[in-house]
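Participant: Quick note on numbering: the sequence shown equals residues 12 to 187 in my numbering.
One structure coming up, written as structure tokens, with questions to follow.
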Amino acid sequence: MTTSSTPSPFAAGETSLIVKMPEAEPIVSRWRERFDPSAAYGVPAHVTILYPFLEHARIDGRVVTELRELFAAHPSFEARFVRCGRFPGILYLVPEPERRFIALTEAVVARWPEAPPYRGQFDEVIPHLTVADGDDLDAIEAEIAARLPVVARARSVSLEVFDGETWHRHAVFPLR
């Protein structure tokens, strides 16, 4: 992992909840390292459940216990990435079934409504695995699409903390 020389888009003490997707790394890591700013800060291939979550200073034993119980109520599941999707300037893999990821997000937000996804910037939660951020994404998409599908297992949710330089795992919560 290399640290980025550009100013971080993240603030020290921010947290996130993610489902790591190591099965996707062989297909996306080369592109993420070059074109996904979060990869330079130690973020692996993943589907975000909630960013940002609570400030790190607010994460205590009670919050960890509640997260553990919340995620244990949801079964683990298979996720398939069979196609690419786009946001303006962003190429991503579309997870199926997306509803399982949305249910995890909704459960966390129902318990902590003060932490809406992406600070409430978007009306809809769209689960995704970011591949690249940039202008010329067609060639990347063609190469990635030729290597799909990726089949992964969502087994747990990881609570990640940004220390000002890199993201680190704080806790892992198994799904049922």
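Glycine included, each C-beta is placed from N, C-alpha and C at the ideal position.
For V75, which option in L28, V136 and Y129 has the closest C-alpha, if you only look at C-alpha atoms?
Facilitator: Cα-wise, what sits closest to V75 is L28.
Participant: Would you mind listing the beta strand (DSSP E) stretches within the stretch 25-77 that are 3+ residues and don't spill past its ends, in chain order?
Facilitator: Listed in chain order, they are 26-31 and 57-61.
Participant: Kindly list the residues whose CB is nearer than 6 Å to the CB of H181, restricted to its own chain and excluding five residues on each side of it in sequence; keep chain order.
Facilitator: Contacts found: L170 and V172.
Participant: Which residues does DSSP list as the beta-bridge partners of R94?
Facilitator: Answer is V105.
Participant: Out of D134, V142, A90 and T26, which has the shortest C-alpha to C-alpha gap to H179?
Facilitator: Comparing Cα positions, the closest option is T26.
Participant: Determine the direct distance from the alpha carbon of E109 to that of V168, and round the result to whole angstroms.
Facilitator: If I take the Cα positions, the gap works out to 15 Å.
Participant: My understanding is that E34 touches V161, with C-beta atoms under 8 Å, so please give their C-beta distance in whole angstroms.
Facilitator: E34 to V161, Cβ: 6 Å. Contact.
Participant: L159 and F82 - do their beta-carbons sit closer together than 9 Å?
Facilitator: Not closer than 9 Å, so no.
Participant: Once you ignore the five residues that flank L148 on each side, which residues in its own chain have a CB closer than 6 Å to its CB?
Facilitator: Around L148: L102.
Participant: Pull up the distance between the alpha-carbon of A22 and that of P63, whole angstroms please.
Facilitator: The straight-line gap from Cα to Cα measures roughly 10 Å.
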